[in-house]
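This report refers to the structure that appears directly beneath it.
Residue numbers (the UniProt record's numbering): 1 to 128.
Laid out in structure tokens, this is it:
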């Protein structure tokens, strides 16, 4: 869960309008109706945050993306490309590249830091 009114207030906070909750579900949600997915989300919120039972859901939107992430399973890291490539001054950056996290915002950030390290190392020349 993420409360977008807190994590991204410039875009999502509106005075007096409460929170905007984002939730991510796995593939089991595809067979469920949008109304049931919203209810599942509310049930989990109420379990995790009991005080939320006093609040009302004023609107909802369900977006189903079938392949927004690659399937993570054992042995797949060998297929993720490194940030540095064999092409001079050409680097790859993104959550899909090889780094310590799964395909996520954190993984994309980590990949960006790794690319920056590669660029700085090359800018310093062969003697560092």
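Every residue gets a Cβ at the ideal spot worked out from N, C-alpha and C, and that includes glycine.
Among residues of its own chain, excluding the 5 on either side of residue 89, which ones have a beta-carbon nearer than 7 Å to its beta-carbon? Position 89 of the chain shown holds residue 89. No residues qualify anywhere along the chain.
At which residues does the alpha helix (DSSP H) containing residue 89 begin and terminate? Reading the chain shown from its first residue, position 89 is the one you call residue 89. It is not in any alpha helix (DSSP H) - residue 89 carries neither H nor E in the DSSP assignment.
Could you give the C-beta distance for residue 98 and residue 77, rounded to a whole number, given that I count them as a contact under 8 Å? Here residue 98 refers to the residue found at position 98 of the chain shown. Here residue 77 refers to the residue found at position 77 of the chain shown. Between residue 77 and residue 98 the Cβ distance is about 6 Å, and since that is below 8 Å, they are a contact.
Alpha carbon of residue 43 to alpha carbon of residue 122, nearest angstrom: Looking up residue 43 in the chain shown gives position 43. Looking up residue 122 in the chain shown gives position 122. Roughly 52 Å between the two C-alpha positions.
Where in the UniProt domain "Amine oxidase" (12-119) do unbroken runs of the alpha helix (DSSP H), each at least 4 residues long, occur, reported from the N-terminal end onward? With a minimum length of 4 residues, the continuous alpha helix (DSSP H) runs that stay inside the UniProt domain "Amine oxidase" (12-119) are 34-48.
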